[in-house]
Amino acid sequence: MKSGEIKLENLEPTETPYSHRISSCTFHANTSHRQVEKEIHQCSHCEKIFHQKSNLKKHQRIHTGGKLYHCSQCGKSFSQKGNLNEHHHIHTGEKPYSCSQCGKSFRQKSNLQKHQRIHAKEKPYRCTQCGKSYHEKYHLKEHHHIHTGEKPYSCSHCGKSFSQKSNFQKHQRVHAGEKPYYCSLCWKNFTSQRNLQIHQRIHTGEKPHQCSLCGKSFTHKGTLQQHERLHTGEKSYRCSQCGKSFPHRNSLRHHQHVHTGEKPYQCPQCGKSFTQRISLQQHQYIHTGEKPHQCSQCGKCFTQSGTLRQHQLVHTGEKRHHCSQCGKSFTQRKSLRQHQNVHTGEKPHGCSQCGKHFKRRGHLQQHQRIHTEGEPCSCSECGKRFTSRSNLQHHQCVHTDMNMDREQFLRESVGIR
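Going by full-length UniProt numbering, the letters in the sequence shown line up with residues 1 to 417, in that order.
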């Protein structure tokens, strides 16, 4: 036996060597591994914790501004090599990070992780004021501008300010004339994808916004909100000049053109101007001959939806406009207003050439023929001329049976027995 060797064959088996191994293992774990666990590295700037010192050093470049990695194509610098590698995807067009659920690809892993929250319905960033939650911290920060009233994004062209960057970017397309989103059905183009999606409801007939009071549905949420004011009677937009109130901001703006005399909407074909865009659009049907609004009962077509609605009262017999003085009812509000001139004696329709006034616009138009056409309706018996056919028929009673009342004569003149 060599010096330093220990002969084990004569040792009796005991539990001592195994117990010694267990205690040695425990000692090793308590000293070596626990010591490693205690070696944490904390950032002195933001208190973020790292288990490896090298990761802490990389992180600290964010605070110190040390950007050691430079892009050879555009010169942009980064604090970490991984960020530079991901930045290179902008130049190559590569999108290596793909979503396993929808297949959408991203240049950066962080953007993929943010996107995956949509599928997980995870919204970890919650507003402490109103409770609204968001997928990303950036969106929460922009949402806070609603509560603070801050609008940090200002347009250099017109000075208009916005609380959200996305709305600011959409607005800038107005000045650039850029409309990158096209409808595949009618090829109309839009400044934002959201506006395109809303437009496409015209083709699909989708009306997702329903009034809880009357059940009427609308394609736009804003249109529903405007409609709901009809039920509440709310008119929160007041004209500072005449005090008249309106349920919608647009209605007030259009009304104010009455005071300013402004007619900003001009017909490119005839040059006629209008205070409202809808009035111009309806006017243009005169040039195109288009009558898009058709009555489902008789097939008659109209240029304006309002005219169609008025016409449909002929079929229903409904007379919803009542005179408060005599109780007479009318199908149209316009007819009621004309009738009320009988009680007031008002003659609001004046002739610009001779100054004569009339209670009804139709009577003024008949009168104006004197100045423009003379008297187009002529009596075949005596040659006397009249501006309207009804006046001629009334006159012709003179030549017929004097005892015949006017109503009977008119019935017989048109072949009614």
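Cβ coordinates follow ideal geometry from the N, Cα and C atoms, glycine included.
When DSSP states are grouped into helix, strand and coil, R126 belongs to the strand group. In terms of CA proximity to N85, Q108 leads the group Q108, S329, I278, H119.
Taking 9 Å as the cut-off, the beta carbon of S388 is found closer than this to the beta carbon of R369.
With respect to the 9 Å criterion, H287 and C267 are classified as neighbours on the basis of their beta carbons. Annotated as proximal: Q353 and H371, with beta-carbon spacing under 9 Å. H88: member of the alpha helix (DSSP H) spanning 81-92, first to last residue. In this structure, the CA atom of F168 is about 11 Å from the CA atom of G159. In the displayed model, G306 falls within a helix according to three-state DSSP. When the five nearest sequence neighbours on each side are left out, the beta carbons in the same chain lying within less than 7 Å of the beta carbon of Q116 are those of C99, in order along the chain. Contact between Q226 and C239 does not hold, since the beta-carbon distance rounds to 18 Å and is not under 8 Å. If you draw a 10 Å sphere on the C-beta of P247, you find 16 or more other C-beta atoms in it, and that means buried. Partner residues in the beta bridge of G350, as assigned by DSSP, are H357. The shortest C-alpha to C-alpha distance from H209 to any of Q197, Q200, S44, T223 is the one to T223. Every alpha helix (DSSP H) stretch that sits fully inside the UniProt domain "C2H2-type" (181-208) and reaches 4 residues is listed by chain position as 193-199, 201-204.
In terms of Cβ geometry, C127 and L140 form a close pair [threshold 9 Å].
With respect to the 9 Å criterion, Y265 and S251 are not classified as neighbours on the basis of their beta carbons. Distance from the CA atom of Q294 to the CA atom of Y138, rounded to whole angstroms, is 50 Å. For Y134, the beta-bridge partners assigned by DSSP are Y125.
Straight through space, the alpha carbons of F78 and V258 are spaced by roughly 60 Å. For R249, DSSP assigns no beta-bridge partner whatsoever. With 16 or more neighbouring CB atoms inside 10 Å of its own CB, Y153 falls in the buried class.
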